[in-house]
Amino acid sequence: MMLKKWVGKGELDYERYLHTDTLLSLQSPEGELVSHDELMFQIVHQSQELYLKLASREMVEVVAEMDRDALWAVVARLARVQKIIAGISAEMAILETMTPAEYQVIRRSLGNGSGQESPGYNTLRHAADGLEAAMERMLARRGLTLFQVYSAGGPKDLQHVCEQLLTVDESFQGWLYAHYQLVRRTIGIDRTVKALDGLPSQVLQARMTLPLFRALWDVRVELTAGWKREGGYAPGESRTGGGCPMAAMNAMKETAVHAPVAQAHAPVAHAHAPAAHAHHAAPAHAHEARTGGGCPMHAQHAQHAPVTHASAVHAPVAHAAAVHAVHAPVAHAPAAHAQPAPASHVAHAPHAVPHAPAAHAQPAPAPHGPHAPHAAAHAPVAHAPHAPAPHAPVAHGPHAAVPHAPAPHGPHAHSHAAHVSAYAHAQELRSQS
């Protein structure tokens, strides 16, 4: 008794909806079982019939979806069919806990029954025939053969659908193989061992490899028949000029991730901003430098920001001035006469680093768009040749200052070596923190 009501009489909503009074009475009563394992034997086979019924129904739905070219729905429903068949294949392992002696007792009460008589098995094969015909209609609408679909450059959407069909077929054959192994464990496989319908158990070997969609397997043979050895590399041969397309794309993504480290250090001149911005200074935790990271969107914006100094690729920015420079254009004093920024600008900069000498830097170009936060073009920087920039005071912070070598000449000289150096420096700072 549960929930103040008796469960099992078929009177509750759950029981009425699932017809449990009928469902649970479909097995032999306890007093009629010929073996302790017979209840297990009946339940497993009954549940398999239910799941095969469900898989067949889903296949019929796939036919309708394929005929209207709803390919997203097709692949989703085929994935469900595959999981159903994989489930009944795994369920066969329950029957493997039955010993041969126990099955021999049960077998005496099975008459001449055979798996060939299974309504679920035969219905599934009939539904698969309709699904194969729907696949052929889909190919005809595109004016393609399976060979063309699977050849290099073939349509990927149709390839995906066909591969899903093949996965369903492979799972189905896996289920038949699981059944074959069960028979092998219980009565054995041999031409002298007869099933209850009189056929040798050996015939199961041919049945378990009988596919649902034969054309999808035959096209593999056709593709291999046209294969040629020419065009590859000998084992151990240098493979120059090649390269996996995915590897190239990953390399580009890796460069994009590391680019913000170098770009974020570009506007060095703002470390010398006048004291008028001192009221914008914020605590270190609000504007602390985050070396080694970088938002991917920030990397895109930084590509449009002008670079003021040639040596600025690796030079960190004093945060108080750099963060708030967007509020007003900064007129830069020549590098030879620049004065160190007041203490209020650098007190909270944890990574203030001495600047490398500016080597023949050119005036910065005008901002490229709305993402150029520092209007450095208002006053071109006239640097004296080889005039060393004054050292900014070293701020209090957890990391010691690290001098950087000057970058190549030019306002936008972002070489691969610069990216590598910036990334290495960021990793060093991160390991120290």
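If you're matching positions, the sequence shown starts at 11 in the working numbering and goes up one per residue. Beta carbons are placed, not taken as given, at the ideal position from N, Cα and C, and that holds for glycine.
*In terms of alpha-carbon separation, which member of Asp179, Arg152, Arg135 lies closest to Lys166?*
Closest option to Lys166, judged by alpha-carbon separation, among Asp179, Arg152, Arg135: Arg152.
*Who are Lys204's beta bridge partners in DSSP?*
The partner list for Lys204 (beta bridge, DSSP) reads Pro210.
_Short CB-CB distance (under 9 Å) between Ile197 and chain B_ = Looking at the structure shown, chain B is missing, and only one protein chain is on hand.
_Cut-off 6 Å between Cβ atoms - residues of its own chain near Tyr190, not counting five sequence neighbours on either side_ = The answer, listed in chain order, is Leu214, Met218.
_With H, G and I counted as helix, E and B as strand and the rest as coil, what does DSSP make of Ala341?_
Any reading at Ala341 is ruled out, since the residue's pLDDT is 43, under 50, leaving its predicted position unreliable.
_For Lys166, the three-state DSSP class (helix, strand or coil)_ = The answer is helix: DSSP assigns Lys166 an H, G or I state.
*In whole angstroms, what separates the C-alpha of Leu134 from that of Thr234?*
Distance between the alpha carbons of Leu134 and Thr234: 30 Å.
*In whole angstroms, what separates the C-alpha of Arg249 from that of Ala162?*
Between Arg249 and Ala162, the C-alpha separation is close to 22 Å.
_Using only the alpha-carbon positions, how far apart do Ala89 and Arg194 sit?_
Rounded to the nearest angstrom, the two C-alpha atoms are 30 Å apart.
*What separation, rounded to the nearest whole angstrom, lies between the Cα atoms of Gln449 and Gly140?*
Outside the shown range of the chain (11 to 443) lies residue 449, about which nothing can therefore be said.
*asked:* On the CB-based measure, 16 or more other CB atoms within 10 Å of its CB, does His337 come out buried or exposed?
replied: Low confidence applies here, because His337 scores a pLDDT of 45, under 50, leaving its location unreliable; read the following figure in that light. Per the 10 Å Cβ criterion, exposed.
_Arg147 to Thr177 span [Cα, whole Å]_ = Each residue's Cα considered, the two are about 20 Å apart.
*Which of helix, strand or coil does DSSP assign to Lys63?*
The DSSP-derived three-state label of Lys63 is helix.
_Would Met145 and Asp47 be called neighbours here (beta carbons separated by less than 9 Å)?_
At least 9 Å separates the beta-carbon of Met145 from that of Asp47.
_Please classify Trp82 as buried or exposed, where buried requires at least 16 other C-beta atoms within 10 Å of its C-beta._
The residue in question, Trp82, is exposed, as its Cβ has fewer than 16 Cβ neighbours within 10 Å.
*Go through its chain and collect everything with a Cβ distance to His170's Cβ below 7 Å, but skip five positions before and after it.*
If we look at His170 and ignore the five residues flanking it on each side, its Cβ neighbours are Val85.
*asked:* Let's test the definition: count the other Cβ atoms within 10 Å of the Cβ of Arg224 and tell me whether it reaches 16, buried, or not, exposed.
replied: Looking at its Cβ environment, which holds fewer than 16 other Cβ atoms inside 10 Å, Arg224 is exposed.
*Run through DSSP, which three-state label would Lys14 get?*
If DSSP states are grouped into helix, strand and coil, Lys14 belongs with coil.
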